[in-house]
């Protein structure tokens, strides 16, 4: 109840657990998304990732994440609910498969890090960057 108005506050509608605030950071620095990874239409892959994302999920493009040996790199960051449940950012490297966007989107739709297990195929891409690199990424 509000002291000022004497009225009860309405409870906010609960947000969908995962997609509401999951973020996908896509590296487009010195190696990722460039001709250094030949035979991949990087712009089309980024567009496909954006189209595949459920409502509420963000796709951000960033400069070099300093994990060039794993190019192309994507970082899936948990929602607030996912982080509260113990989820941490998941780094995916060598993501040059056409179907990867769909797998990432399905995982986010299910809740993302901390709330849902990733599709098994994403385990093939997962890697752990150095502590220094992780510290430089927001929520790293």
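Residue numbers (my numbering): 39 to 178.
Note that beta-carbon positions come from the ideal geometry of N, C-alpha and C, so glycine has one too.
By DSSP, does residue i sit in helix, in strand, or in coil?
i: residue 112; result: strand
i: residue 169; result: helix
i: residue 164; result: strand
i: residue 133; result: coil
i: residue 78; result: coil
i: residue 41; result: Below a pLDDT of 50, predicted positions are generally treated as unreliable, and residue 41, at 44, falls in that range; no measurement from the model is reported.
i: residue 70; result: coil
i: residue 139; result: helix
i: residue 103; result: coil
i: residue 120; result: helix
i: residue 153; result: coil
i: residue 145; result: helix
Spell out the partners DSSP gives residue i in its beta bridges.
i: residue 61; result: 96 and 115
i: residue 128; result: 114
Looking at residue i: is its Cβ nearer than 9 angstroms to the Cβ of residue j?
i: residue 67; j: residue 80; result: no
i: residue 162; j: residue 142; result: no
i: residue 78; j: residue 114; result: no
i: residue 120; j: residue 149; result: yes
Sort the options by Cα distance to residue i and report the nearest one.
i: residue 151; options: 132, 118 and 76; result: 118
i: residue 97; options: 173, 106 and 83; result: 83
i: residue 167; options: 140, 131, 88 and 161; result: 131
i: residue 147; options: 75, 158, 90 and 134; result: 90
i: residue 85; options: 109, 64, 149 and 155; result: 64
i: residue 116; options: 74, 154, 135 and 69; result: 154
i: residue 174; options: 60, 105 and 69; result: 105
i: residue 164; options: 107, 129 and 110; result: 129
i: residue 134; options: 111, 145 and 156; result: 111
**Contact between the segment 91-101 and the segment 122-132 (3+ Cβ pairs under 8 angstroms)** = no
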